[in-house]
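S.K.: Mind looking over this structure? Questions follow.
In the numbering used here, the protein residues as written are 26 to 283.
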């Protein structure tokens with residue numbers, strides 16, 4: 026199911042690269058209708074909206090698609106209130122800080138989960154909003170490599186800093202970094218590293234044994250994330266300078282272009 030969701034996120038990325046924002050949001054809405062974790066790409070889409078790369082009308086397509094996909098289940102008898110509350114009810118299904126995922130919360134004892142189940146979500150939201158605001162204020166020139174890199178970094182960052190994550194929730198980030206490596210070969214070790222961290226958790230799930238403790242796996246993931254954010258920061262600085270060079274002399278600051 027994670028592969029299906031990721032395929033729609035990749036389709037959304039494809040249409041964004043083609044500057045077809047309406048189709049991009051349809052694809053994102055289809056992914057969101059299958060699994061709520063597609064929402065991890067939303068901060069990246071918010072950046073594009075703030076930079077005027079996505080229209081408000083196109084953004085409305087995503088929730089519209091989700092609502093349309095509920096219709097068949099509603100027609101055959103499932104109550105509409107249940108359908109609308111599916112994802113809301115899923116959020117409270119688990120209370121463990123991490124469900125075998127190499128996130129930040131693998132470094133914290135689960136006995137204090139009551140402090141972080143809600144608080145961790147609030148902290149993660151604050152970190153993400155700071156990141157979104159920072160990218161927006163830089164107004165970079167959005168070349169395809171930066172566009173793909175921002176999407177991949179968003180998927181990795183959001184998954185790592187949220188509590189109550191399953192190990193498989195890193196799957197979209199792993200695929201997007203494989204794509205990003207084709208644009209930026211110098212980060213090719215990142216998708217390889219992500220495969221190693223995935224193997225640690227999947228081997229524990231399937232065979233009940235693994236070759237690294239989850240805390241070590243989390244630290245490896247953190248090191249990869251720090252490098253990725255550093256590399257993306259360099260690309261953003263280059264993109265900001267590129268935007269300045271392309272700006273007509275004497276004109277006010279303009280939104281970036283793909």
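Ideal Cβ placement from N, Cα and C applies to all residues, glycine included. These numbers were taken from a predicted model, which means no experiment stands behind them.
Can you tell me which of the three DSSP states residue 105 falls into?
M.R.: helix
S.K.: In whole angstroms, give me the CA-to-CA distance for residue 38 and residue 30.
M.R.: 13 Å
S.K.: What are the start and end residues of each continuous alpha helix (DSSP H) run of 4 or more residues lying completely inside the segment 153-222, in chain order?
M.R.: 169-186 and 196-208
S.K.: Buried or exposed: residue 292, going by 16 or more other Cβ atoms within 10 Å of its Cβ?
M.R.: In this structure the chain extends from 26 to 283, so residue 292 is not present and cannot be described.
S.K.: Which residue's Cα is closest to the Cα of residue 150: 52, 186 and 60?
M.R.: Per the Cα distances, 186.
S.K.: With H, G and I counted as helix, E and B as strand and the rest as coil, what does DSSP make of residue 123?
M.R.: DSSP places residue 123 in strand when its eight states are reduced to three.
S.K.: If the criterion is Cβ atoms closer than 8 Å, does the pair residue 171 and residue 260 meet it?
M.R.: Less than 8 Å divides the Cβ of residue 171 from the Cβ of residue 260.
S.K.: With a Cβ-Cβ cutoff of 8 Å, do residue 264 and residue 162 count as a contact?
M.R.: no
S.K.: Please list, in chain order, all residues of the same chain as residue 277 whose beta carbon is under 6 Å from its beta carbon, the five residues on each side excluded.
M.R.: Bear in mind that a pLDDT of 49 at residue 277, under 50, signals an unreliable position, so the number given afterwards is only what the model happens to contain. If you ignore the 5 residues before and after residue 277, its C-beta comes within less than 6 Å of no other C-beta in its own chain.
S.K.: Using alpha carbons as the reference points, say which of 221, 77 and 59 lies closest to residue 165.
M.R.: 77
S.K.: How many angstroms separate the CA atom of residue 282 from the CA atom of residue 46?
M.R.: The pLDDT assigned to residue 282 is 48, lower than 50, so where the model puts this residue is not dependable, and the model offers no usable value.
S.K.: Mind checking which residues open and close the alpha helix (DSSP H) that includes residue 97?
M.R.: Counting along the chain, the alpha helix (DSSP H) containing residue 97 begins and ends at 81-100.
S.K.: Would the beta-carbon of residue 226 fall within 8 Å of that of residue 126?
M.R.: yes
S.K.: Rounded C-beta distance between residue 34 and residue 56? I'm assuming under 8 Å.
M.R.: 5 Å
S.K.: Rounding to the nearest angstrom, what Cα-Cα distance links residue 280 and residue 71 in this structure?
M.R.: The predicted model places residue 280 with a pLDDT of 48, which falls under 50 and marks its position as unreliable; any figure quoted below should be read in that light. Roughly 14 Å separates the two Cα atoms.
S.K.: Classify residue 110: buried if its beta carbon has 16 or more other beta carbons within 10 angstroms, exposed otherwise.
M.R.: exposed
S.K.: Compute the Euclidean distance between the alpha carbons of residue 211 and residue 141, then round it to the nearest angstrom.
M.R.: Here the C-alpha atom of residue 211 lies approximately 36 Å from the C-alpha atom of residue 141.
S.K.: Buried or exposed: residue 100, going by 16 or more other Cβ atoms within 10 Å of its Cβ?
M.R.: Burial is judged here by how many other beta carbons sit within 10 angstroms of a residue's own beta carbon; residue 100 has fewer than 16 and is exposed.
S.K.: In or out: residue 145 buried (at least 16 other Cβ within 10 Å) or exposed?
M.R.: It counts as buried.
S.K.: Do residue 198 and residue 180 count as a contact pair if the criterion is CB distance below 8 Å?
M.R.: yes
S.K.: By how many angstroms is the C-alpha of residue 157 removed from the C-alpha of residue 83?
M.R.: For the pair residue 83 and residue 157, the Cα-to-Cα distance works out to about 19 Å.
S.K.: Can you tell me whether residue 54 is buried or exposed, with buried defined as 16 or more other CB within 10 angstroms of its CB?
M.R.: So residue 54 ends up on the buried side.
S.K.: Pull up the distance between the alpha-carbon of residue 66 and that of residue 236, whole angstroms please.
M.R.: 31 Å
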